[in-house]
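Protein chains in written order, with the working numbering: chain G, 364 to 528; chain V, 95 to 259.
Positions of the beta carbon are idealized from the N, C-alpha and C atoms, including for glycine.
Just below is one structure, and these are the notes that go with it.
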């Protein structure tokens, strides 16, 4: 296939991927079993009593009653309407301020959640740094092993197996 | 999702072990599968060019989420295949797809507070398969397990092919 034809097919495939991205964004809300954070930001009270799964950044942890360790947290949740804070009761997780958590539970009045389960996504704000670093190692590894076996042929503008490999 | 290094190592382990039985998996194809394993990680392009920037260009709401789904892998594997010489297309596509699929399956095992993974079969289904919640990506033990298993497979592979230079 000539380079121009390849380019056309490439653009067509990328266009379909973008199309999927548009479809997903428009249809996701209908298929999600829980209210989205944007729906919560717009009209929280309409969803009180519903189950929800929210991702948030831990801003503060405190003790309610006489429990140790902390059993209540304030998390910041992102939405298309901007970030907002929620209070989580029954917060049982080993996480530092700035860490990221998933909270699954019931929505209660005043932007409060009663957590059924909490998963720590990032135990601290610095966890993302680890993910980026380890992923950079992965990307470097792929490139190294790939170009040990393949070379870019400048005549055909395509990858060709190395015959010296 | 598991980190990029773990994705790539998982594909290496899968294809190398398979190559002990299947002659068609030559040494040049394992790196292609490892590259395919990185396809779902392209969702991280969203950190550099956020979905708002894309929405500004195309004028409608957009999500990167499909990149890390079956539909995204099928299409992006096709786009990458175009970079290979014509006679390799069929095999390049197969290995890119298998690598990407392995990453999706691996990601489907990570922890979600409500016990359901992302709808990664999109656009073929919105079903969110239950996850055994085996790990969170920020846990360094995930990459350590990946490195150890890949090292063992690498050593065994060398031993099976003493002529390998």
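CB of residue i within 8 Å of CB of residue j, strictly
i	j	result
residue 462 of chain G	residue 485 of chain G	yes
residue 207 of chain V	residue 373 of chain G	no
residue 455 of chain G	residue 468 of chain G	no
residue 210 of chain V	residue 225 of chain V	yes
residue 167 of chain V	residue 116 of chain V	no
residue 508 of chain G	residue 169 of chain V	no
residue 100 of chain V	residue 247 of chain V	no
residue 385 of chain G	residue 154 of chain V	yes
residue 520 of chain G	residue 366 of chain G	yes
residue 214 of chain V	residue 394 of chain G	no
residue 203 of chain V	residue 114 of chain V	no
8 Å contact criterion, which residue i and residue j should meet: CB distance rounded
i	j	result
residue 107 of chain V	residue 244 of chain V	6 Å
residue 103 of chain V	residue 240 of chain V	4 Å
residue 304 of chain V	residue 118 of chain V	Residue coverage of chain V in this structure runs from 95 to 259, which leaves residue 304 of chain V outside it and unanswerable.
residue 513 of chain G	residue 122 of chain V	7 Å
residue 419 of chain G	residue 464 of chain G	6 Å
residue 130 of chain V	residue 171 of chain V	6 Å
residue 439 of chain G	residue 422 of chain G	5 Å
residue 190 of chain V	residue 175 of chain V	6 Å
residue 156 of chain V	residue 388 of chain G	6 Å
residue 163 of chain V	residue 229 of chain V	Residue 163 of chain V to residue 229 of chain V, Cβ: 20 Å. No contact.
residue 404 of chain G	residue 444 of chain G	4 Å
Cβ of residue i within 8 Å of any chain G Cβ
i	result
residue 170 of chain V	yes
residue 179 of chain V	yes
residue 220 of chain V	yes
residue 127 of chain V	no
residue 133 of chain V	no
residue 166 of chain V	yes
residue 152 of chain V	yes
residue 144 of chain V	no
residue 197 of chain V	no
residue 201 of chain V	no
residue 187 of chain V	no
residue 208 of chain V	yes
residue 225 of chain V	no
residue 211 of chain V	no
Nearest-angstrom Cα separation, counted from residue j out to residue i
i	j	result
residue 398 of chain G	residue 160 of chain V	20 Å
residue 178 of chain V	residue 487 of chain G	42 Å
residue 528 of chain G	residue 442 of chain G	Unreliable positioning characterises residue 528 of chain G in this predicted model, as indicated by a pLDDT of 49, which lies under 50. The coordinate reading is nonetheless provided below. So the alpha carbons of these two residues sit roughly 51 Å apart.
residue 470 of chain G	residue 222 of chain V	22 Å
residue 497 of chain G	residue 201 of chain V	16 Å
residue 437 of chain G	residue 165 of chain V	37 Å
residue 407 of chain G	residue 413 of chain G	11 Å
residue 235 of chain V	residue 416 of chain G	26 Å
residue 457 of chain G	residue 376 of chain G	43 Å
residue 409 of chain G	residue 183 of chain V	53 Å
residue 490 of chain G	residue 97 of chain V	12 Å
residue 125 of chain V	residue 402 of chain G	44 Å
residue 128 of chain V	residue 434 of chain G	43 Å
residue 425 of chain G	residue 475 of chain G	14 Å
residue 501 of chain G	residue 473 of chain G	44 Å
residue 516 of chain G	residue 522 of chain G	6 Å
residue 510 of chain G	residue 503 of chain G	11 Å
residue 187 of chain V	residue 158 of chain V	22 Å
residue 529 of chain G	residue 212 of chain V	Outside the shown range of chain G, which is 364 to 528, sits residue 529 of chain G, and nothing can be said about it.
Test: residue i CB closer than 8 Å to a CB of chain V
i	result
residue 435 of chain G	no
residue 369 of chain G	yes
residue 509 of chain G	yes
residue 388 of chain G	yes
residue 403 of chain G	no
Residue i beta carbon near the ligand SAM (any heavy atom closer than 7 Å)
i	result
residue 230 of chain V	Inclusion of the ligand SAM in the displayed structure is not the case, the ligand content being empty and no account of it being possible.
Identify every run of the beta strand (DSSP E) within the segment 465–511 of chain G, keeping only runs that are complete inside it and at least 3 residues long; order them along the chain. 475–485
Whole alpha helix (DSSP H) elements within the segment 389–415 of chain G, 4-residue minimum: 400–405
Which ranges would you report for the alpha helix (DSSP H) in the segment 174–249 of chain V if only whole runs of at least 4 residues count? 183–201
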